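**Q** Each residue of the sequence shown is one higher than the last, beginning at 549 in my numbering.
Don't be surprised by glycine CBs; every beta carbon is placed ideally from N, CA and C.
Keep in mind it's a predicted model, so treat the numbers as computed, not measured.
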Amino acid sequence: MKPEKIVYSAQAISTGGREGYSESSDKALAIKLSTPKALGGAGGDGTNPEQLFAAGYSACFLGALKYVAQKQKVALPESTNVAAEVGIGPVPNGFALEVTLTISINGVPEEQAQSLIEQAHIVCPYSNATRNNIDVKLVLSKQTQ
Numbered sequence: 549m550k551p552e553k554i555v556y557s558a559q560a561i562s563t564g565g566r567e568g569y570s571e572s573s574d575k576a577l578a579i580k581l582s583t584p585k586a587l588g589g590a591g592g593d594g595t596n597p598e599q600l601f602a603a604g605y606s607a608c609f610l611g612a613l614k615y616v617a618q619k620q621k622v623a624l625p626e627s628t629n630v631a632a633e634v635g636i637g638p639v640p641n642g643f644a645l646e647v648t649l650t651i652s653i654n655g656v657p658e659e660q661a662q663s664l665i666e667q668a669h670i671v672c673p674y675s676n677a678t679r680n681n682i683d684v685k686l687v688l689s690k691q692t693q
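Structure, rendered in structure tokens:
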């Protein structure tokens, strides 16, 4: 799916691969990268592409959730959050990802919360980029009243 019009564009450059460094063009993001031990690396104090993807997807999905809720005049509590788990593993031609998004929307009836989540999955740019590409599971966390 191609956007009708680009309204914002982000730029970043990475050097050194998984044992390197990434920085955004405006310098707001400047991070050291380290390969996790589970992937054969030393671990280290840097982040990794999977953590960055999890942070980006969870933030973007929450933004989409707020967007659809606002359109329907549904007030989401400030405690609403999205936790992303990004897994990586081998496939015959390399590696692939899978994602689980766990969404917490306390104080909204379960059916309504589930509907908002499904609509956010249609709107979210990360969801649109990954659709039919990787397995994405959407989980509504157990609600507390």
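1) Can you say whether Tyr605 is buried or exposed, counting buried as having 16 or more other CB atoms within 10 angstroms of its CB?
2) Label Phe643 either buried or exposed according to how many other C-beta atoms from any shown protein chain fall within 10 Å of its C-beta, with 16 as the threshold for buried.
3) Quick check: the Cα distance between Gln667 and Ala632, rounded to an integer number of angstroms?
4) So what's Thr612 in DSSP terms, helix, strand or just coil?
5) From Ala677 to Gly611, what does the alpha carbon distance come to, in whole angstroms?
6) State yes or no: is the C-beta of Asn629 within less than 7 Å of the C-beta of Ser652?
7) Going by Cα to Cα distance, which pick from Thr595, Ile670, Asn681 is closest to Ala578?
**A** Reading off the structure:
1) buried
2) exposed
3) Here the alpha carbon of Gln667 sits roughly 18 Å from the alpha carbon of Ala632.
4) Contrary to the premise, residue 612 reads as Ala rather than Thr in this sequence. Residue state, collapsed to three classes: helix.
5) 16 Å
6) yes
7) Thr595
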